[in-house]
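Student:
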Amino acid sequence: MIDRLAASLNFHQQALGLRQERQKVLASNIANADTPGYKARDMDFAGELQKAVKQGSSDGGLALSRSSARHIEGQGVPGASHELLYRVPDQPSLDGNTVDMDRERTQFADNSVRYQAALTILNSRIQGLKKAMQPE
Amino acid sequence: MSMFSIFAISGSAMSAQSQRMNVTASNLANADSVSGPDGEAYRAKQVMFETRAQSREGVGGVGGVGVREVVEDPSPMRMAYRPEHPLADEEGYVTMPNVDPVGEMVNMISASRSYQANVEVMNTNKQLMLKTLTLGEG
């Protein structure tokens, strides 16, 4: 029963986590708007979300398989599996920086609104589940 | 917890931009300083930014900003013809700083705009975090 509850929230939880990850990437782009040689990054949100939902239902962390007891065990970094892409610049500057401030600001605003939307949906879902658990 | 790293990223950018503003202020203030502690005329300074990865999460080149070093402007010094000046050479020229006031003003405006953008990022992030904290309530 409890795992059903968790599964019903899984999609929105993954979406929220990814939105937050993207927020970080965009914040880094804005922070590095004047750094020579910095290349603006972003992610393919829909593709990453599909991947995360598929992975998140099993929630298995990456672990190094060992064929001998003397091998050093390793643990993959969770959450670092997002594939970051490079933005195609319209007009790159001479110092190699490809941050377009207008575009980054737009994407940042867009992302934060979508984050709030995901939050609202998750909230109403929790409210619905809570209501269903009430005796009356 | 990684939401806090946005604060670290924007915070590092804010301190880097304010350091840039500091250097600009020093350049503008010393635009006419013909002699410094070493007896030489003031040389304009510029900051060099570099990306700083946030702990181990900063793998794909994502991270904050830091000032790598403050370099001196290598452009030639301005020579002013002032034979009455005590520091004039035998031909009557005084070595003046190589500060470009127009360039420094542009630098200052650019730094302040970048600073504002980062403040906005921080504010938005703070609101989102506060909203996330009330998830499931009410």
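If you read the protein sequences in the order shown, they are chains A and W. Heads up: the first sequence begins at 1 in our numbering, then just goes up one per residue. Heads up: the second sequence begins at 1001 in our numbering, then just goes up one per residue. Beta carbons are placed, not taken as given, at the ideal position from N, Cα and C, and that holds for glycine. The model shown is predicted, which means the values in this text are computed figures rather than measured ones.
Determine the closest residue to W:Ser1005 out of A:Ile121, A:Leu122, A:Leu5, A:Ala27, with distance taken between C-alpha atoms.
Tutor: Measuring from the Cα of W:Ser1005, the nearest candidate turns out to be A:Ala27.
Student: Quick check: the Cα distance between A:Glu73 and W:Ala1029, rounded to an integer number of angstroms?
Tutor: Computed Cα separation, rounded: 58 Å.
Student: What are the start and end residues of the alpha helix (DSSP H) that includes W:Ala1025?
Tutor: Segment 1004-1029, the alpha helix (DSSP H) holding W:Ala1025.
Student: Does the region 116-132 of chain A touch the region 1082-1097 of chain W, meaning 3 or more C-beta pairs lie closer than 8 Å?
Tutor: No, because fewer than three Cβ pairs between the region 1082-1097 of chain W and the region 116-132 of chain A fall closer than 8 Å, the two stretches do not touch.
Student: Once DSSP output is grouped into helix, strand and coil, what is the label at A:Gly60?
Tutor: Bear in mind that a pLDDT of 48 at A:Gly60, under 50, signals an unreliable position, so the model cannot answer this.
Student: Would you report the Cα separation of W:Ser1033 and W:Tyr1042, rounded to the nearest angstrom?
Tutor: Each residue's alpha carbon lies about 6 Å from the other.
Student: Should A:Asn111 be labelled buried (16 or more other beta-carbon atoms within 10 Å of its own) or exposed?
Tutor: When all chains shown are included, A:Asn111 counts as buried.
Student: Using DSSP with H/G/I as helix, E/B as strand and the rest coil, what is A:Gln134?
Tutor: If DSSP states are grouped into helix, strand and coil, A:Gln134 belongs with coil.
Student: If we cut at 8 Å on Cβ distances, does W:Ala1013 have a partner in chain A?
Tutor: Yes, W:Ala1013 lies at the interface with chain A (some Cβ there is under 8 Å from its Cβ).
Student: I'd like to know if A:Gly60 contacts chain W, where contact means its C-beta is closer than 8 Å to some C-beta of that chain.
Tutor: Reliability fails at A:Gly60, whose pLDDT of 48 lies under 50, so the model's placement of it is uncertain and the value that follows must be treated cautiously. False, the Cβ-Cβ gap to chain W never drops below 8 Å.
Student: Span of the beta strand (DSSP E) holding W:Thr1124?
Tutor: No beta strand (DSSP E) contains W:Thr1124, which is instead part of the alpha helix (DSSP H) from 1101-1133.
Student: Just the Cα atoms here: how many angstroms apart are W:Glu1137 and A:Asn123?
Tutor: C-alpha separation (whole angstroms): 8 Å.
Student: Return no unless some Cβ of chain A is closer than 8 Å to the Cβ of W:Ser1026.
Tutor: Cβ-Cβ to chain A under 8 Å: no for W:Ser1026.
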